[in-house]
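The first sequence begins at 1444 in the numbering used here and counts up by one.
Notes for the one structure printed next.
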Amino acid sequence: MDPTESVSAAGPRPVVTRFAPSPTGELHLGNARTALFNLLLARHTEGRFVLRIEDTDRERSREGHTTALMADLTWLGIEWDAGPNREDERGPYRQSERAGLYQGFFAVLEERQTVYPCYCTPLELDLSRRAQLAAGRPPRYAGTCSALTAAERAQRQAQGLGATWRFRVPRGERVEFVDFVHGPQSFLTDDIGDFVIRRADGSAAFFFSNAVDDACMGVTQALRGEDHLTNTPRQMLILAALGLPRPSYGHISLIVGADGAPLSKRHGAVSVREYRERGYLPGAVVNHLFRLGHSSPLHGMLTLDEMARGFDATHLGRAPSRFDEQQLHVWQKDTVHRLSTESARAWLAPVLPPGLDEQSASAFVTAVRPNLVLPEDARAWVRIVFGAPPPLEPSAEVVVRGAGAGYFAAAAAAARESADLPAIVGAIRAATGRKGAELYMPLRVALTGLSHGPELAPLLKAMPAGQACERLARFA
RNA sequence: GCUCCCUUCGUCUAGAGGCCUAGGACAUAGCCCUCUCAAGGCUGUAACACGGGUUCGAAUCCCGUAGGGAGCGCCA
């Protein structure tokens, strides 16, 4: 089936996708990919992409995380049509501001008696779970409070026990749906315990708020992490009980580390922020994510628009994909090579010598950029170009000695006139008759201390006035 | 423990029973170009997790095994 086509009685509906993070931490690479794919899925047609902040857990949600999350998405170039800072009639887009709406739908469920109050304490529930696990059974809610009489409820309430509200899961039924990534799915309701949809403090729990919001916001495709796959029947049950439409669901596998284990701190950086701080560019990150768990006949660096055009939800992979930093490096290198001089200068600003004028900075950036992947790679070249004359590595020593004083006398004389490579090389050639590597290598080595590095001509131009001449004269 | 998901070159993947001697991209190796590195060009190495079926024919369908992952929360 084509998931980009959602058909209702009224005909094809425009696609609405969403990214619904909870602001309990930094934007994880896996979530960033989910956001990207949802954006692309919407943009592939003329659909809408919405950002919804799932901050119903007051203890763990922090406003700072929401701000950071949006900043990271924006940095990646992921822009939403509606969200916390772009409210419209379907909002508000923070769940913490939707309590009234949840209350309304909750009242419907209460009236239809598909929910009931549960007075079990966390301790009791924990004990029950352990006991079931120990007995080799699935740790499901035992149904202790499912058949309480009005009198029993009143009694518990009188004892001052707080109540959560559980959804009464029908017995002996089958919930089926077609996951647009994994294909047909079928679950037995008997495997699902009655679950909490309203916490003791009155707030809406995930299964409930998430499902209700998808319906209310007109979401047509819910593309999310595979960790939600087995939870989907619960949400379908809620939506069905409420008579609300459900989106079609698609679940993408999680991103794992190089060792195949779930991406975690021990793999190094896992958040978008960390990559940004290390100097990775958004285009590189996004191009890498685009290929993770998704295949496209398109090759090479793509813009978000090109990705959107080429995005194909039928080509979403089912297997977990590894986040391979080596592949990210390839995209990063490519991105760096394509930067305009101004952008490259800004990108390298943190490692450039303080107070360097714009023109010198541009010359430097132009010279070294082809050899960089990350800003830190430029540090060595900053030292070589702007610092004290670099010491010669042993092999370089040999090269310099082999060239002889006459070589460097000619070189220094020419360099005194200008930092123009052809002119300097021409003078040396005339004086020594050397050519090829014999001609160039002593020059490189005397100037940089190394036998490898960026092209000499731009490097020469990047050096402060008189620097080249000085370094060459050392060996004359 | 139970339920569910997953397994093709190093990596991302194409693959819907014969078009597969398994294709592509990146990585990698060699060569060319070249003052070195990078870039570019050319050529190469490299995979169907395993075992059984079904079939004239299986990467593809079925069963099992192994390995990985998720869910079963007053987290989302």
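Even glycine gets a Cβ: it sits at the ideal position worked out from N, Cα and C.
As the structure is a prediction and not an experimental result, all values here were calculated from the model.
Under the three-pair Cβ rule at 8 Å, the region 1456-1467 counts as touching the region 1483-1495. C-alpha of VAL1843 to C-alpha of ARG1872: approximately 16 Å in a straight line. Beta-bridge pairing by DSSP links PRO1705 to VAL1699. THR1675 is classed as buried because its beta carbon has at least 16 other beta carbons within 10 Å across all chains shown. According to DSSP, residue pairing for CYS1561 in a beta bridge involves THR1607. Residue pairing of ARG1917 in beta bridges, as defined by DSSP: absent, with no partner found. Note: GLY1626 is bridge-paired with ASP1622 in the DSSP secondary-structure output. For the 8 Å CB-CB criterion, HIS1694 and VAL1621 do not form a contact.
Here VAL1612 carries a coil assignment [DSSP, helix/strand/coil]. Distances from the CA of TRP1774 to each of LEU1687, ASP1531, VAL1729, VAL1662 were compared; the closest alpha carbon is that of VAL1729.
For PHE1829, the uninterrupted alpha helix (DSSP H) run begins and ends at 1822-1829, by DSSP. With a minimum length of 3 residues, the unbroken runs of beta strand (DSSP E) contained wholly in the region 1481-1528 fall at 1491-1494. DSSP places ARG1583 outside both helix and strand once states are collapsed to three, so it counts as coil. In the structure shown, the three-state DSSP call for TYR1850 is helix. Scanning its chain for C-beta atoms nearer than 8 Å, with the 5 sequence neighbours on each side dropped, one finds around ASP1498 the residues SER1465, PRO1466, SER1504, THR1509, ARG1537, GLN1538, SER1539, in chain order. If you ignore the 5 residues before and after GLY1753, its C-beta comes within less than 8 Å of the C-beta of SER1739, PRO1740, LEU1741, LEU1745, all in its own chain and listed in chain order. Around the Cβ of ALA1810, a 10 Å sphere holds 16 or more other Cβ atoms; the residue is buried.
Residue environment: THR1557 is assigned as buried (16 or more neighbouring CB atoms within 10 Å of its CB, all protein chains considered). Look at GLY1726 here: in three-state DSSP terms it is helix. By alpha-carbon distance to ALA1511, the top candidate from ILE1640, PRO1527, LEU1903 is PRO1527. In terms of Cα proximity to PRO1565, the closest of THR1517, VAL1639, LEU1735, ASP1777 is VAL1639.
With respect to the C-alpha of ASP1755, the residue from PHE1766, LEU1735, ARG1501 having the closest C-alpha is LEU1735.
Cβ-Cβ separation between ALA1578 and ALA1606: approximately 27 Å, too far for a contact (criterion under 8 Å).
Nearest to PRO1796 by alpha-carbon distance, out of TYR1718, ALA1821, LEU1815, ALA1857, is ALA1821.
Boundaries of the alpha helix (DSSP H) around ARG1752: 1747-1753.
For the set PHE1610, PRO1834, CYS1563, GLU1532, the Cα lying nearest the Cα of ALA1550 is the one of PHE1610. Pairing LEU1706 with PRO1688, the inter-Cα distance amounts to about 34 Å.
Minimum Cα-Cα distance from ARG1572 among the listed residues PHE1480, ASN1474, GLY1636, THR1673 corresponds to GLY1636. Residue burial annotation: GLN1769 is exposed, with fewer than 16 other C-beta atoms found within 10 angstroms of its C-beta. Assigned with DSSP and collapsed to three states, TYR1718 falls in helix. SER1691 is bridged by DSSP to GLN1664.
Approximately 17 Å separates the beta-carbon atoms of PRO1627 and GLN1664; this is outside 8 Å, ruling out the contact. As a beta-bridge residue in DSSP terms, LEU1631 pairs with ARG1617.
Relative to the Cα of SER1696, the nearest Cα in the group ARG1761, SER1894, ASP1500, GLU1532 belongs to ARG1761. With contacts defined by Cβ atoms closer than 8 Å, PRO1832 and ARG1716 do not form a contacting pair.
If you look at PHE1638, you'll find it in the beta strand (DSSP E) that goes 1638-1641.
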